[in-house]
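For reference, the structure discussed in these notes is given below.
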Ligand code: SF4
Ligand code: FES
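In my numbering, the protein residues as written are 18 to 265.
Put into structure tokens, the structure is as follows:
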């Protein structure tokens, strides 16, 4: 496959940035999108040019590090996959592919295609955990019966990998899908009830402080989410938030 890549280059957070054009040849349809970028980077290094900075770690859809806006879609044209799981056979020979970083005020660009997503870490630190008694007298979690439907719902929410595609695809750069998944994974379980009110209040407050926008109900986040987290998570979080406010 012969392709033309239009890639966002930005030397650092304060650089204005620009789109640069790179022709690339001999791309196999079975290559992953990141392998294609690896090949481009090898060519750039051989030429003495600065390779393109992009984020990646597991390369199997688990870590959420790979975060590229490809042809105007978070994680590219395929559904329910991350950029690292995207194959080049989804593109046609001769195609021009536009590759950009996530665009959101709360995710500033560090370099080229790498953005700073530490805002998500701060939201998790504000409440995305269950405090555990480590005295040695803790009841085994498996000893608490949980209805299958609740366990399944909690598991579905817990599949969120914190990639940020929901933010990048939202017209308001809202983080509601991410935060709602992280709230819901505990809200469905008895272990999550003790700190439920503080958790939802603190996480939503931190989300606002970090500069994410409000949910506009367009549903773009749900479409682009590689883990198929649904808008019902947001409804669940809103109910949890209302309960916390009313009982204050
Ligand atoms: S909700 Fe989906 S799109 Fe948003 S961070 Fe989690 S996995 Fe990524
Ligand atoms: S590199 Fe880990 S999800 Fe893509």
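Note that CB positions come from ideal geometry on N, CA and C, so glycine has one too.
Remember, predicted model here, so these are calculated numbers, not experimental data.
If we count the other Cβ atoms within 10 Å of its Cβ and call it buried at 16 or more, is residue 124 buried or exposed? buried
Hey, residue 191 and residue 222: beta-carbon distance below 7 angstroms or not? no
Between which two residues does the beta strand (DSSP E) carrying residue 37 extend? 35-41
What is the rounded straight-line gap between the Cα of residue 245 and the Cα of residue 220? 21 angstroms
Buried versus exposed call for residue 142 [16 or more other C-beta atoms within 10 Å across all chains shown]: exposed
With distance defined between alpha-carbon atoms, name the residue in 112, 78 and 110 nearest to residue 96. 78
Through-space distance from residue 260 to residue 89, alpha-carbon basis: 38 angstroms
Looking at ligand 2, does it come within less than 6 angstroms of residue 74, judged from the CB to the closest heavy atom? yes
Beta-carbon within less than 8 angstroms of residue 208's beta-carbon, same chain only, minus the 5 sequence neighbours each way: which residues are those? 147, 158 and 161
In angstroms, rounded to a whole number, what distance separates the CA positions of residue 270 and residue 241? The requested residue 270 does not occur in the structure, where the chain is confined to residues 18 to 265.
Within the same chain, show all residues whose beta-carbon is closer than 8 angstroms to that of residue 76, passing over the 5 residues directly before and after it, in chain order. 49, 51, 83 and 101
Return yes when the C-beta of residue 206 is under 6 angstroms from any heavy atom of ligand 1, and no when it is not. no
Reducing DSSP to helix, strand and coil, say where residue 117 ends up. strand
Looking only at its chain, what residues have a beta carbon closer than 6 angstroms to the beta carbon of residue 202, apart from the 5 residues adjacent to it on each side? 171, 174 and 175
Take every Cβ of the segment 126-140, pair it with every Cβ of the segment 101-114, and state whether three or more of those distances are shorter than 8 angstroms. no
Does the beta-carbon distance from residue 114 to residue 20 come in below 7 angstroms? yes
Just to check my reading of the structure: residue 2 and residue 224 have Cβ atoms closer than 8 angstroms, yes? What is that Cβ distance to the nearest angstrom? Absent from the model: residue 2. The displayed extent of the chain is 18 to 265, so no value can be given.
Residue 233 vs residue 188 beta-carbon contact at 7 angstroms: yes
Count the other CB atoms within 10 Å of the CB of residue 256; is the residue buried (16 or more) or exposed (fewer)? exposed
Return the chain-ordered list of same chain residues with a C-beta closer than 6 angstroms to the C-beta of residue 167, the five sequence neighbours on each side being excluded. 205
Close Cβ partners of residue 216 (< 6 angstroms) along its chain, the five nearest in sequence each way excluded: 144
Contact under 7 angstroms by Cβ, residue 184 with residue 121: yes
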